[in-house]
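The next block holds one structure in the form of structure tokens; read it before the comments.
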Amino acid sequence: MASTIERVAIVTGGSGGIGRASALRLAADGMAVVVHYNGNRERADETVAAIIDSGGHAVAAGGDVSEEETAEALFDAAEREFGGSDVLVHTAGIMPLSPIADLDLEVFDRVQRVNVRGTFAVDKIAARRIRPGGAIINFSTSITRLQTPAYGAYAASKAAVEAISLILARELRGRDVTVNTVAPGPTATPLFLDGKSPELIERIAGSNPFERLGTPDDVAETVAFLAGPARWVNGQTLFVNGGAA
Ligand SMILES: NC(=O)c1ccc[n+]([C@@H]2O[C@H](COP(=O)([O-])OP(=O)(O)OC[C@H]3O[C@@H](n4cnc5c(N)ncnc54)[C@H](OP(=O)(O)O)[C@@H]3O)[C@@H](O)[C@H]2O)c1
1 MASTIERVAI VTGGSGGIGR ASALRLAADG MAVVVHYNGN RERADETVAA IIDSGGHAVA
61 AGGDVSEEET AEALFDAAER EFGGSDVLVH TAGIMPLSPI ADLDLEVFDR VQRVNVRGTF
121 AVDKIAARRI RPGGAIINFS TSITRLQTPA YGAYAASKAA VEAISLILAR ELRGRDVTVN
181 TVAPGPTATP LFLDGKSPEL IERIAGSNPF ERLGTPDDVA ETVAFLAGPA RWVNGQTLFV
241 NGGAA
């Protein structure tokens with residue numbers, strides 16, 4: 001792992017499956033990383049330790065992404081520790097499932113608060129503070145195209161994320177900052193696995209031609225591409241799902 005800092009990345013949800021893999025991958029690519037967590041500080045600390053043990057640079061920083069001060073604090077940490085920020089990878093999110101007919105509206109509100117307001121709040125600060133040459137990477141889901149039952153509130157929140165991303169890409173004209181959305185398919189993390197039977201997981205894993213679940217590293221590969229070399233990919237939603245149908 002490189003010991004000189006090439007770029008500085010903030011990874012929200014760095015205590016989660018895809019966030020952790022993205023943080024490790026960007027660190028391996030030479031980026032210093034602010035590893036964000038909400039409730040699970042221990043897991044963020046483990047990721048920071050793994051990066052530092054490999055010769056990289058990282059710090060942990062916490063907070064609820066739907067609170068306005070969390071994003072400011074993350075960018076402040078990046079500036080204080082590493083001199084500024086070039087990349088935002090915003091993976092933090094939640095996915096309660098229920099048929100629309102049965103969903104408690106308080107749960108609906110919580111999904112929109114974390115996934116939509118959270119993205120809006122973090123992107124708002126990123127729009128002001130990411131340096132030229134940088135990249136903002138938001139997270140949607142392949143469910144916005146597959147329209148699977150029980151994902152109504154979640155799909156609605158992620159469709160909003162795709163809309164925010166494209167509009168922000170256009171608002172950043174002249175800034176040399178890309179804004180894209182990664183839309184994974186089923187990926188083996190707690191968010192996907194929790195509450196599903198082995199039979200259901202097997203059936204879902206068979207929905208793509210590779211006949212397996214995606215891994216966090218599969219998704220981190222696309223994050224690394226968008227965070228580094230992909231300067232001409234802008235305002236896009238990239239479906240990273242092995243061809244799931
Ligand atoms: N896994 C999949 O199959 C899949 C498929 C499509 C899209 N996605 C999207 O990919 C992204 C990452 O998912 P994942 O599978 O890596 O999920 P995960 O392992 O469950 O991790 C979720 C992360 O979000 C954080 N988080 C939750 N609520 C938060 C809040 N209010 N404020 C701040 N952080 C909060 C969690 O922090 P703590 O643990 O510290 O509380 C955790 O780091 C999500 O946006 C998800 O919608 C995932």
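155 is the number that this note's numbering gives to position 155 of the sequence shown; each next residue is one higher, with no gaps. We put the CB at the ideal spot given by N, CA and C, even for glycine.
Item	Value
Report the residue ranges of all alpha helix (DSSP H) runs contained in full by the segment 61-119; include only those spanning at least 4 residues, in chain order.	68-82 and 105-111
Helix, strand or coil for I5 per DSSP?	coil
Do A183 and F120 have their CB atoms nearer than 7 Å?	no
At which residues does the beta strand (DSSP E) containing T178 begin and terminate?	T178 to P184
Here's a check: name, in chain order, each residue in its chain whose Cβ is nearer than 7 Å to the Cβ of F108, leaving out the five neighbours to either side.	A153
Which ranges would you report for the beta strand (DSSP E) in the segment 8-59 if only whole runs of at least 3 residues count?	31-37
My output table needs one value for G242: the three-state DSSP class, helix, strand or coil.	coil
Assuming A227 and V65 form a contact by the criterion Cβ under 8 Å, report the distance between their Cβ atoms to the nearest whole angstrom.	So it is not a contact: roughly 19 Å between Cβ atoms.
Quick one: does the C-beta of F288 sit closer than 6 Å to a heavy atom of ligand 1?	In the structure displayed, the chain extends from 1 to 245; residue 288 sits before or after that span and is not available.
Kindly list the residues whose CB is nearer than 6 Å to the CB of G13, restricted to its own chain and excluding five residues on each side of it in sequence; keep chain order.	G19, T91 and A92
Going by DSSP, what residue range makes up the alpha helix (DSSP H) through P190?	P190 to L193
Determine, using beta-carbon pairs with one atom in the segment 119-138 and one in the segment 46-62, whether at least three such pairs fall under 8 Å.	no
When you compare the CB positions of I143 and A155, do they come within less than 7 Å of one another, or not?	yes
Rounded to a whole number of angstroms, what is the C-alpha to C-alpha distance between G39 and R173?	36 Å
What I want to know is whether the C-beta of A126 ends up closer than 6 Å to one or more non-hydrogen atoms of ligand 2.	The model depicted lacks ligand 2 and carries ligand 1 instead.
Would you say the beta carbon of F239 is closer than 6 Å to some non-hydrogen atom of ligand 1?	no
What residues in its chain sit with their C-beta under 6 Å from that of V177, if we drop five residues either side in the sequence?	I130 and G134
DSSP on T187, reduced to helix/strand/coil?	strand
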